[in-house]
Amino acid sequence: MPATIVVEGMDINPQELNEAVWTTALGEGGNNQRNTPAGSRTAISPAKSFMKQITAAFRLPTLPKDQIKIIVRPKGGLNVSKADIIHLAQALAMAAALTEQQTGEDTVCPNKVSAYIAAPDGTCKGVIRNIDPSLDDGSLKRMIVSPRNPKALEVRRIKNTHVVVILFDGMRVPNTVMCGAALVPCFLYKRQVDVCYECGHVGHRADVCASSAEEKNKGHGCGKAKSSESEEGVHQCTPKFEACGGPHITGDRTCRHRYHIPYIARRRRRRRRQFLHASALELEGALLLQATARLTETWEHQRIENAKRATWADTVKGSGGESSTGKKSATAKKTRGEAQSEQVNDPRIQSLEAENQQLRRELAELKEALNSIREQFSHHDEGKLQALGPLAGKPKRKAPYPETVSETDNEDEMAESSEDTATAAAPPARSKGIGRLASIEKTLGRMMAMLSGMETRLTQLERPKVQAISRLTSSTVPKQANPNPDGGAKGQLDNLQKRFVATKFLSRGTAQLRTEEERAEESLS
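Letter 184 of the sequence shown, counting from 1, is numbered 184 in UniProt numbering, and no numbers are missing.
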């Protein structure tokens, strides 16, 4: 049997309970505060807690569940904030013609006061426009508060306008509302900023304005005092909205700042900012995890590669030693040995060796030919100079031969000095021949230096083969197998092809030198 609790009150019958004069309380006056541990993350800081205490001290106490809040807006210039609360309550009771017993629990304010029921928590307001003023609130409520609009709770018209306010359950206003059989667009309700047309300030209206005469004498647009009564009619000012600072009068209908931002919009914006911030943090964390994973994988790969390499200590130990970083099996050694032997016995390597030997022979022949040409030029120049002898008179000065190009500053100075000496004692034809011989001599020197470099490079190309054969014959610890055995042979083949092209270039250069030699002999003769 359930427990029965007896409380003080007045007994009523079921008929009185079901009468239409009762209004159902749609929600509690306030939410119960949850006790939060002091050490948790959601604990309120001392500063915020102090501010909440101050704010709560100025609020009215929470009403019981069985009572309804009624908001009263008196008219006639009464400043409610400065009036005595007790006298105000007595005045309201006297205006309603109620006794003290009747006003002990309820407060009724008829006649010159407009009262409305405050919206409970967890609700929002929407507006529909262009509604016929001939429809009263009862008809609108029957057409809107129906099963076709399950979220609609209450309907109220704003004075005698075409705008109707609808109260919805929840924190979302639908886009459309069914008003009878008509589908009417619905918008979020925005409360206008109260503007006083007596003093020009915002926050209250002219019917409750308690400002002084000086404040009321100020211009409504600019907020500046008027100079005198005679100039009141010709007072000119630059309008400025006190709420937004725009160049229009306070409360202008074209200003979008004349409305308060609804709580639903503020909450939606706050949640959107929180969601974007959380998404950015989540994305940043995911990118950081990916970067960490890539770095870890790279470090692990480098560690494995370093572990596979043979250290200097392992090489010193010889074939009987074991690696300190990893124990290498006999199968791996045998595989590396076979790979090196196959690389040495490859027919392509043998063909490259044959081409290398042939190139060596061609280089030797080119060197001999160049040496013989150099000797012939030297003997021929001495014979021609002795046959010509000194000439009387000073020849005409001419510009240097354009084909003579020096490599460095020292060579330019030597060429100029030699040309000056030769032209001082020789005719113009002889000076041209000597200049050409000097240029041919320089070209021969460069070709000899190139040939010596090619010979050194060929020796370096043969060195890996000798080292591989010596490692196989001495039975030392083999190094790691080449992951691409054909890579070395291919590189050697490319190098030899380049050297072969260079040799052809030298052969063409030798032919050109011989042609220049013949031209020089003809000019000297």
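For each residue, glycine too, the CB sits at the ideal point set by N, CA and C.
Taken in chain order, the complete alpha helix (DSSP H) segments of 4 residues or longer contained in the region 88-157 are 137-144. Within its own chain, the residues whose Cβ lies closer than 6 Å to the Cβ of H260, once the five positions on either side in sequence are excluded, are R191, listed in chain order. Excluding the 5 residues flanking it on each side, R148 has same chain C-beta neighbours closer than 7 Å at M178, in chain order.
For the 7 Å CB-CB criterion, R142 and V163 do not form a contact.
Of the residues assessed, M454 falls on the buried side of the cut-off, its CB having 16 or more other CB atoms within 10 angstroms. Straight-line measurement puts the Cα of Q290 at about 55 Å from the Cα of I144. In the displayed model, V184 falls within a strand according to three-state DSSP. Boundaries of the alpha helix (DSSP H) around I264: Y263 to K308. Contact between I166 and A152 holds, since their C-beta atoms are separated by about 6 Å, short of 8 Å. Restricting attention to Y189, N356, P174 and Q376, the CA atom closest to the CA of R457 is found in N356.
Spatial neighbours of A93 in its own chain (CB-CB distance under 7 Å, excluding positions within 5 residues in sequence) are listed in chain order as T103. Separation of R348 and A354 (C-alpha to C-alpha, rounded to the nearest whole angstrom) is 10 Å. Taking all protein chains in view, the Cβ of I440 is crowded by 16 or more other Cβ atoms within 10 Å, so the residue is classified as buried. G200 is classed as buried because its beta carbon has at least 16 other beta carbons within 10 Å across all chains shown.
In the three-state DSSP reduction, Q67 falls in the coil class, being neither helix nor strand. A buried status is given to F168, since no fewer than 16 other beta-carbon atoms sit within 10 Å of its beta-carbon. In the three-state reduction of the DSSP assignment, T176 falls in the strand class.
Distances from the CA of C186 to each of K159, H301 and G126 were compared; the closest alpha carbon is that of G126. Assigned with DSSP and collapsed to three states, I12 falls in coil, not helix or strand.
The three-state reading of DSSP puts V164 in strand, counting E and B together. DSSP places V208 in the helix class (H, G or I) of the three-state scheme. Burial check for L281: the Cβ neighbour count within 10 Å stays below 16, so the residue is exposed. Our two residues, T515 and S372, have alpha carbons roughly 15 Å apart in a direct line.
Straight across, the Cα-Cα distance linking Q67 with I264 is about 26 Å. By a beta-carbon distance limit of 8 Å, M447 contacts L370. Their separation comes to about 6 Å. Inter-residue distance for R268 and A95 is about 43 Å (C-alpha atoms, whole angstroms). Taking C-beta separations shorter than 7 Å and ignoring five residues to either side along the sequence, I12 has no partners in its chain.
Burial check for E305: the Cβ neighbour count within 10 Å stays below 16, so the residue is exposed. According to the DSSP secondary-structure assignment, Q192 is paired through a beta bridge with Y259.
Going by beta carbons, L188 and P262 fall inside the 7 Å limit. The Cβ neighbour count for A438, taken over all protein chains shown within 10 Å, is at least 16; the residue is labelled buried.
Taken atom to atom, the span from the alpha-carbon of L451 to that of T459 is near 13 Å.
Cβ atoms of V202 and V195 come within 8 Å of each other, at about 5 Å.
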